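Chains A and B, in that order, are what the protein sequence lines are. Numbering follows the working numbering, in which position 148 of the first sequence is assigned residue number 148; successive positions increment by one, without gaps. Numbering follows the working numbering, in which position 15 of the second sequence is assigned residue number 1015; successive positions increment by one, without gaps.
There are 2 protein chains.
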Amino acid sequence: MIYTSEAIESAIESLSSLPTIGRKTAQRLTLHLLRQPKEDVEKLAHALLNMKEKVRYCSHCCNLTESDPCNICTSTKRNRATICVIEDPSDLFAIERTNEYFGLYHVLHGALNPLEGIGPNELKIKELLARLSDEAVQEIILAMNPNVEGEVTTQYLVKLLKPLGIKVSRLARGIPMGSDLEFADEATVSRALQGRVEA
Amino acid sequence: MIYTSEAIESAIESLSSLPTIGRKTAQRLTLHLLRQPKEDVEKLAHALLNMKEKVRYCSHCCNLTESDPCNICTSTKRNRATICVIEDPSDLFAIERTNEYFGLYHVLHGALNPLEGIGPNELKIKELLARLSDEAVQEIILAMNPNVEGEVTTQYLVKLLKPLGIKVSRLARGIPMGSDLEFADEATVSRALQGRVEA
């Protein structure tokens, strides 16, 4: 294009390759960065490079970390007999925010999805089994996402783990807090009924 | 936070300082970048640094450019007697896409907005006036955005430019192509009526 510079074009292209960022947003972000002081752009670029340089997987729980093993795996305050299995590092944030879980984690980095070619070998399931033979684990909490892939992964792990004689539990399904019963979908209400507890 | 790394945290913080990117999106982008090959992240970071390094304002038209004067100002194919005044570099893309304008541009880098402290001195108006004394300009097309700030800027420039004996025009306001008359707002229909042309 005659009316723009190659440097701008390649910045727009790089930004629009990110998820949820289309060409229009990339263009707006680029023009915004051009208006910012040079230090701000350098800070952003270096933060990304530094993160990519330093962050790797924890060799125990496969979570993202700068120090291996990670802070949670080495913490003396955590209960080492419980492992919560999650799909993604972002799920860990969600559980930590509750301040009610003090065990360890194991991050699978995805869920089973045969249609997209994601089988057990693509997930960190081998690593989970290795931990079970080493560590004195008493309970595994499966905290997969409530969708088809999450359900399939849960079923697969239940079949794999039950024979090992370890207690396997999963997150309760039911009406979310702060919502209205009348607006809950049938599947959620049905699960809430099935999972009813004594009052 | 104990459960995340400082490098990730600072990447999330840098990304969420960008417009339209909140903390959740920044978190998702960061986790996405951690999954990408190192080269991709380096490419993005270097594209941003390179752009900030090379791109500056054209000393003629104040558009963003790598070479000063910019490609449009130096082009022998453009009509040097017409200047289209726009608010932002992105507006230039919109006009170039029509393939119907072959004059020069002048980028104001904003619109008058007294409430936010943006007066004539904050815009590239001095630079526009300097061009008029140097160059043999016959027509100035004001292509401000159709909002209050754009209207104020247009009125201000009309008052400034008319006494110089140069033809000053502005973009037509009316029903946009491809839309329905019944869904157009009153202000648009009213402008379309006022600006009616012989059929």
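Positions of the beta carbon are idealized from the N, C-alpha and C atoms, including for glycine. The structure presented is a predicted model; accordingly, all values stated were derived computationally and were not measured.
The criterion of a C-beta distance shorter than 8 Å is satisfied by residue 42 of chain A and residue 1049 of chain B. Here the alpha carbon of residue 60 of chain A sits roughly 14 Å from the alpha carbon of residue 103 of chain A.
In this model, residue 1139 of chain B and residue 46 of chain A are separated by some 46 Å (Cα to Cα). Distance from the CA of residue 1168 of chain B to the CA of residue 88 of chain A, rounded to the nearest whole angstrom, comes to 59 Å. Unbroken beta strand (DSSP E) runs of no fewer than 3 residues, entirely contained in the stretch 1112 to 1184 of chain B, are found at 1139 to 1142, 1167 to 1170, following chain order.
The criterion of a C-beta distance shorter than 8 Å is satisfied by residue 1143 of chain B and residue 1091 of chain B.
Residue range 23 to 35 is occupied by the alpha helix (DSSP H) that includes residue 35 of chain A.
For residue 1108 of chain B, the three-state secondary structure derived from DSSP is coil. Residue 130 of chain A is not a Cβ neighbour of residue 81 of chain A, given a cutoff of 8 Å.
Between residue 55 of chain A and residue 141 of chain A, the C-beta gap is not smaller than 8 Å, which leaves the two residues out of contact. With a threshold of 16 other beta carbon atoms within 10 Å, residue 1014 of chain B meets it and is buried. Between residue 1047 of chain B and chain A, the shortest Cβ-Cβ separation is below 8 Å.
For a cut-off of 8 Å, the C-beta gap from residue 1108 of chain B to residue 1149 of chain B is around 11 Å, too long to register as a contact.
The beta carbon of residue 1154 of chain B lies closer than 8 Å to those of 1142, 1144, 1170 in the same chain, with the five residues before and after it left out.
Taking the CA atoms as reference points, residue 126 of chain A sits about 22 Å from residue 71 of chain A. Contacts between residue 50 of chain A and chain B, judged by CB atoms closer than 8 Å, involve 1007, 1010, 1011 in chain order.
Taking all protein chains shown into account, residue 199 of chain A has fewer than 16 neighbouring C-beta atoms within 10 Å of its C-beta and is therefore exposed. Secondary structure note for residue 1082 of chain B: its beta strand (DSSP E) is the uninterrupted segment 1079 to 1086. In this structure, the straight-line span from the alpha carbon of residue 134 of chain A to that of residue 101 of chain A is close to 22 Å. For residue 1100 of chain B, no alpha helix (DSSP H) encloses it, and the DSSP letter there is neither H nor E. Separation of the CB atoms of residue 16 of chain A and residue 26 of chain A is rounded to 4 Å, and the pair is thereby assigned contact status at 8 Å. With fewer than 16 other Cβ atoms from the protein chains shown falling within 10 Å of its own Cβ, residue 177 of chain A counts as exposed. For the stretch 1052 to 1068 of chain B, residues whose beta-carbon sits nearer than 7 Å to a beta-carbon of chain A comprise 1052, 1054, 1055, 1064, 1065, 1066. Residue 1083 of chain B and residue 1064 of chain B have their C-alpha atoms roughly 16 Å apart.
Residue nearest to residue 119 of chain A within the set A:106, A:152, A:99 is A:152 (criterion: CA-CA distance).
Where residue 1041 of chain B is concerned, the enclosing alpha helix (DSSP H) starts and stops at 1038 to 1054.
Taking residue 36 of chain A as reference, the option from B:1021, B:1052, B:1008, B:1028 with the minimal CA-CA separation is B:1052. Contact check for residue 157 of chain A against residue 132 of chain A fails: the beta carbons are separated by 8 Å or more.
For residue 1073 of chain B, the enclosing alpha helix (DSSP H) begins and ends at 1071 to 1074. When DSSP states are grouped into helix, strand and coil, residue 1015 of chain B belongs to the helix group.
None of the residues of the stretch 1112 to 1126 of chain B has a beta carbon lying less than 7 Å from any beta carbon of chain A. The alpha-carbon separation between residue 1180 of chain B and residue 1189 of chain B amounts to approximately 11 Å.
Using a Cβ-Cβ cut-off of 8 Å, residue 28 of chain A is close to 1019, 1020, 1090 of chain B, given in chain order. Counting only the Cα atoms, residue 40 of chain A lies some 10 Å from residue 34 of chain A.
Contact with chain A is found for residue 1025 of chain B, since one of that chain's Cβ atoms lies less than 8 Å from the residue's Cβ.
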